[in-house]
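Accompanying notes for the structure given below.
In our numbering, the protein residues as written are -3 to 671.
Printed below as a string of structure tokens:
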């Protein structure tokens, strides 16, 4: 059997059309006669693993590995580049136990179809199109003239045929390039027909593969609430997406299913939407993908939500000045007390606030102080309500109430939630009540990783109505995203904060590569940006695809400066929130917060300095409160570092982040830059 790793597919795409053709011809010969028809073949003992080197032409090489009867295609490039990739151990992790991957077996009674030669539908007769796909006869000529997925999607076939027929038909047309995923795809090729259709991009089923334990969750038949835990790159989000598609497409689950898929950020929403489109060619009308706040606003449908902290602080400062008893309170502290304690936990009454534990908040507020803050909160609510405005926390509480009152027939048959660890109590309660049924019969799957929590939770799952029995809690341990070297670095960086608190840290990775780099000694951020532009330009000139590179920073202001510097250096760049974020072949720039759930081949983190990781906090904070904030900053850097699959670089000034002190010498390549 032939197994094609995603890295081979990526390498193939980077070659010229002529070299792609030579490599594909070599792969066909390899599948036909085991490589005996190729110009040459030799086994070579390399530094970290045994590989087979195939000659696709005089200059081109295919790097593969043999495991039992399976030939694993790992890399393809010009001779020197291919050999160097293997020599430095870049591919070692791809030689794993293939039994972990689910085989895409064809039904034994399925007739062999002719490989399309004159277009995606050349193998199907008119009768096939009518019987298998329910295409009206008068639409068949127009359908046969279509060559791409974009052309297909622009027509009106969706209104003519059943949903299942539309999806199967859409899969026959070439699709856009694969988007990022939390598990590196593996392609299993059983015969030449599948190989041909795979190279043509007409088999979406070949894109993603997951271990058997993940498929057990995806295809689980028992109803009820499911919690899936796992560290960065363990495939949690991909399991969630496949679960949604499985519920929509499998007869017997629901009569006419309505499925809600919930993400944490707009960037994650677009990433999930792109994956679903890549897999199915379209989004079914009964499949909703949205952020928590968009869902909340859809339920309450009125008023404006104020997300700007400075605006809220200004409102509170005005209110505090009106009362002598509260004039001495710090508006920033009051705002944080309202947003992080009262609204985050969904506290409804003064009594609930008086009873709330405030671990890590520093000031052990007495009852009189809490009463004063609660009075300020009530005045803030009245003030905003009169102006038809609200805070995000107020919107989530209103949405929770609306979800509780929703008629049963308007609820979703299944609710699937990503990044559970970063949701507030009212948001979780809202999502629970959007699922049809009662109690443990609700079809809910929630995935999360406590180690990646970048917001203080302050409540237990049970307190918000989530009750996961032991048999309904699953942990994904393997890391399918980052190399073992990046995983070792991230584990040392976390220094127990992740594992001791959450127990979700991945134990092993299937990839190997270069150790992360720490480059320190930059005079200022301008110096860091200049270095970044020079290095990125050099990588691109040497053949690196711009869209394989990502630059992360702590603040949006720094991201704006980085984008401007790259543009000035004539580097193609696209920033978070841009409509073409996934479409343009450009360097991605985004904040560490926005990068949650995403992945990139190479990642640069700019500004890993003392004062950014961690931030400089008020000297008045108690040790307990400071410790809570610092741990939160450490998890944010951990999240940023684990976005990288193959290569990670951190840029630091003359005072690097103290978080880096915990990293062992063998886990990193440290360079002090000399001006």
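Note that CB positions come from ideal geometry on N, CA and C, so glycine has one too.
- One Cα belongs to residue 477, the other to residue 486, and the distance between them is close to 13 Å.
- Only buried fits residue 239, as 16 or more other CB atoms lie within 10 angstroms of its CB.
- Taking a 10 Å sphere around the C-beta of residue 5, we find 16 or more other C-beta atoms and assign the residue as buried.
- DSSP places residue 388 within a helical segment (H, G or I) once states are collapsed to three.
- Within the model, the alpha-carbon separation for residue 337 versus residue 47 is close to 56 Å.
- By the C-beta density criterion, residue 544 is buried, having at least 16 other C-beta atoms within 10 angstroms.
- At a cut-off of 4 residues, the continuous stretches assigned as alpha helix (DSSP H) that sit fully inside the region 223 to 261 are 232 to 245.
- Between residue 558 and residue 585, the C-beta spacing is below 8 Å.
- Judged by pairs of C-beta atoms under 8 Å, the region 427 to 436 touches the region 393 to 405, as three or more such pairs exist.
- Less than 8 Å divides the Cβ of residue 414 from the Cβ of residue 233.
- Inter-residue distance for residue 615 and residue 316 is about 23 Å (C-alpha atoms, whole angstroms).
- Each residue's CA atom was taken as its position, placing residue 309 and residue 344 some 21 Å apart.
- Leaving aside the five residues that flank residue 260 on each side, the residues in its chain whose CB is nearer than 6 Å to its CB run, in chain order, 415, 418.
- Non-local beta-carbon contacts of residue 325 in its own chain, meaning distances under 6 Å to residues more than five positions away in sequence, involve 316 in chain order.
- The residue among 382, 605, 583 with its C-alpha nearest the C-alpha of residue 630 is 605.
- For the pair of segments examined, the region 218 to 238 was found not to touch the region 377 to 396: the number of CB pairs separated by less than 8 Å stays below three.
- With contacts defined by Cβ atoms closer than 8 Å, residue 58 and residue 69 form a contacting pair.
- Distance check between residue 655 and each of 610, 289, 374 places 610 closest, using alpha-carbon atoms only.
- Beta-bridge pairing by DSSP links residue 584 to 546, 570.
- Remark: C-beta atoms of residue 140 and residue 117 approach each other more closely than 8 Å.
- A straight line joining the alpha-carbon of residue 367 with that of residue 346 spans about 7 Å.
- For residue 608, the number of other beta carbons within 10 angstroms of its own is at least 16, and it is reported as buried.
- For residue 285, the enclosing beta strand (DSSP E) covers residues 283 to 287.
- The DSSP-derived three-state label of residue 487 is helix.
- Considering only 412, 613, 125, 541, the residue with the shortest C-alpha distance to residue 237 is 412.
- A direct Cα-Cα distance of roughly 13 Å separates residue 550 from residue 628.
- For the region 299 to 374, the full-length alpha helix (DSSP H) segments reaching 4 residues or more read 305 to 317, 327 to 333, 346 to 351 along the chain.
- One Cα belongs to residue 509, the other to residue 75, and the distance between them is close to 19 Å.
- Within a 10 Å sphere around the beta-carbon of residue 539 sit fewer than 16 other beta-carbons, which makes this residue exposed.
- Cβ contact annotation for residue 21 (same chain, cutoff 8 Å, sequence separation greater than five): 52, in chain order.
- Rounded to whole angstroms, residue 313 and residue 381 show a C-alpha spacing of 18 Å.
- Closest in alpha carbon position to residue 246, among 273, 665, 214, is 214.
- Within the region 623 to 650, not a single complete alpha helix (DSSP H) segment reaches 4 residues in length.
- Here the alpha carbon of residue 400 sits roughly 6 Å from the alpha carbon of residue 429.
- With contacts defined as CB atoms closer than 8 Å, residue 529 and residue 561 qualify as a contacting pair.
- If you draw a straight line from the Cα of residue 334 to the Cα of residue 373, it comes to about 7 Å.
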